DNA sequence: TCCTAGCAAACGAACGTTCGTTTGTATCCT
DNA sequence: AGGATACAAACGAACGTTCGTTTGCTAGGA
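Protein chains in written order, with the numbering used here: chain A, 1 to 190; chain B, 1001 to 1190.
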């Protein structure tokens, strides 16, 4: 019947994702675990530390997925497909952490927010790199702006969390190829 | 030196957009106007009423823009371009209300939230309708799923608020055609 | 002269956090 | 084996602060 720090962080992810950081109290969090709010202080130093833990977890998942996708050999379009599929996997496997990462990072104190923004930039850079490669090798149109195109792709991907539910008729892989197909048609030469 | 209800609502939009509903206190809001928090109650009944006003304002702008775009004669692709440009105009001309509408609607009490969700669905329907028309008249590929494509376009548009600043090298019209061009390449036959 | 915007003061509730204490459970010594 | 020791987990009460809101009053403009 004993709880770990891990339990607290994942409950925090759940509530921060659902109600937001400012919309979640330590007592709410305690209740979620069958504890008093004050009891959480046996596991963490404070509320802000929980937000940091959840958000950095989300950021870490994305970076790991990007590193894996970039390591794939073959045409740039294939790496782009892997980036897209990887992003969806991270989102759907770690929905609470990702939603908190996407929507609640602004509630971080400046020091940790800066780290998160830097991580976000690094991740976006992965998309830009692959797009640039595709332009360079002629598989993508040369009037494609890698920065802009990267933003568009990530916009579609990040918004998935706002509408998609996995239990419906469209499974994860089908969604990934719907996105990748439409994106690729928008990018490729010919 | 006297303030109107209008002043209060637009200050609320500014702060809700920047700090979120739960991150904004009535005292913050008063300070923004050079008043005490309690003085706001001369103009509005309470904090929630301010959120409702700001969010419904945002929703209203979008609906008006959609109605105008749908009334345009000509090919579906032209109406789609108008929807895109109109969406950007609304976002950039009413940034605070739109950001609040997009991010803070979850803090609405159920009754008003339902109205807002309904308005959002109606607006999304405008995009779906145009896409369906384009598929029907053969200008868009017939394997385009209007629902999915509509979501993708709106994902790109709504995310603009998260990264775009109008003072840079890319003006509003250029952004609109970058988006419309890429989207249209992803949709059109051939 | 009345109406309204605003202030000052206060309300009760909730906030994040700290405190002293209790409980259960290992660990070690004999 | 059994009793003392140590520790982590949780409790319950309280801290000071902030929250949204209410009340009663005052000053100024129509």
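Cβ atoms here follow ideal geometry from the backbone N, Cα and C, with glycine treated the same way. Everything numeric in this text was worked out from a predicted model, so none of it was measured.
query	result
Whole angstroms is fine: what's the gap from residue 43 of chain A's alpha carbon to residue 8 of chain A's?	8 Å
Where residue 1013 of chain B and residue 1190 of chain B are concerned, what is the direct C-alpha to C-alpha distance, given to the nearest angstrom?	45 Å
For residue 175 of chain A, which of A:21, A:81, A:70 and A:103 has the nearest alpha-carbon?	A:81
Compute the Euclidean distance between the alpha carbons of residue 1102 of chain B and residue 15 of chain A, then round it to the nearest angstrom.	20 Å
Taking its Cβ as the centre, do 16 or more other Cβ atoms sit within 10 Å of residue 154 of chain A, making it buried, or is it exposed?	buried
Between B:1059, B:1058, B:1062 and B:1003, which lies nearest to residue 1036 of chain B when the distance is taken from Cα to Cα?	B:1003
Have a look at residue 49 of chain A and residue 1129 of chain B and give me their C-alpha separation to the nearest angstrom.	47 Å
When the cut-off is 9 Å and only beta carbons count, does residue 1051 of chain B lie next to chain A?	no
Helix, strand or coil: how does DSSP classify residue 1081 of chain B here?	helix
Just the Cα atoms here: how many angstroms apart are residue 165 of chain A and residue 115 of chain A?	30 Å
Closer than 7 Å, Cβ to any Cβ of chain A: which residues of the region 1003-1034 of chain B, in chain order?	1020, 1022 and 1023
Less than 7 Å between C-beta atoms, sequence neighbours within five positions excluded: which residues of the same chain meet that for residue 26 of chain A?	37, 40 and 47
For residue 1090 of chain B, would you say it is in contact with chain A, using Cβ-to-Cβ distances shorter than 9 Å as the test?	no
Extract the residue ranges of the alpha helix (DSSP H) inside the region 36-117 of chain A, only unbroken runs of 4 or more that lie entirely within it.	47-70, 76-93 and 95-103
Could you give the distance in angstroms between the alpha-carbon of residue 1077 of chain B and the alpha-carbon of residue 1184 of chain B?	8 Å
Compute the distance between the beta-carbons of residue 1052 of chain B and residue 1108 of chain B, then report whether it is under 9 Å.	yes
If distances are taken between C-alpha atoms only, which option among A:138, A:17 and A:134 comes closest to residue 162 of chain A?	A:17
For residue 124 of chain A, which option in A:188, A:144, A:92 and A:83 has the closest C-alpha, if you only look at C-alpha atoms?	A:83
Determine whether the Cβ of residue 1107 of chain B lies closer than 9 Å to any Cβ atom of chain A.	yes
Relative to the C-alpha of residue 138 of chain A, which residue among A:118, A:147 and A:75 is closest?	A:75
The alpha helix (DSSP H) that contains residue 1140 of chain B, what's its start and end?	That residue, residue 1140 of chain B, is in no alpha helix (DSSP H); it is neither H nor E in DSSP.
Considering residue 1172 of chain B, what are the terminal residues of the alpha helix (DSSP H) in which it resides?	1172-1187
Against chain B, with Cβ distances strictly below 9 Å, would residue 96 of chain A count as a contact?	no
To the nearest angstrom, report how far apart residue 119 of chain A and residue 1126 of chain B are at their CA atoms.	37 Å
May I ask which residues mark the beginning and end of the alpha helix (DSSP H) holding residue 1030 of chain B?	1026-1033
Roughly how many angstroms lie between the CA atoms of residue 160 of chain A and residue 85 of chain A, to the nearest whole one?	12 Å
Grouping DSSP H, G and I as helix and E and B as strand, with all else coil, what is residue 167 of chain A?	coil
Should residue 146 of chain A be labelled buried (16 or more other beta-carbon atoms within 10 Å of its own) or exposed?	buried
Could you compute how far the alpha carbon of residue 1059 of chain B sits from the alpha carbon of residue 99 of chain A?	23 Å
Within 10 angstroms of the Cβ of residue 1064 of chain B, are there 16 or more other Cβ atoms? Answer buried if so, exposed if not.	exposed
Among A:24, A:133 and A:180, whose alpha-carbon lies nearest the alpha-carbon of residue 73 of chain A?	A:133
For residue 145 of chain A, decide whether its Cβ has a neighbour in chain B, counting only Cβ atoms nearer than 9 Å.	yes
Using the C-alpha atoms, what's the distance from residue 19 of chain A back to residue 1079 of chain B?	37 Å
Which word fits residue 168 of chain A, buried or exposed, when buried means at least 16 other C-beta atoms lie within 10 angstroms of its C-beta?	exposed
Taking a contact to mean a Cβ-Cβ separation below 9 Å, would you say residue 93 of chain A touches residue 61 of chain A in this structure?	yes
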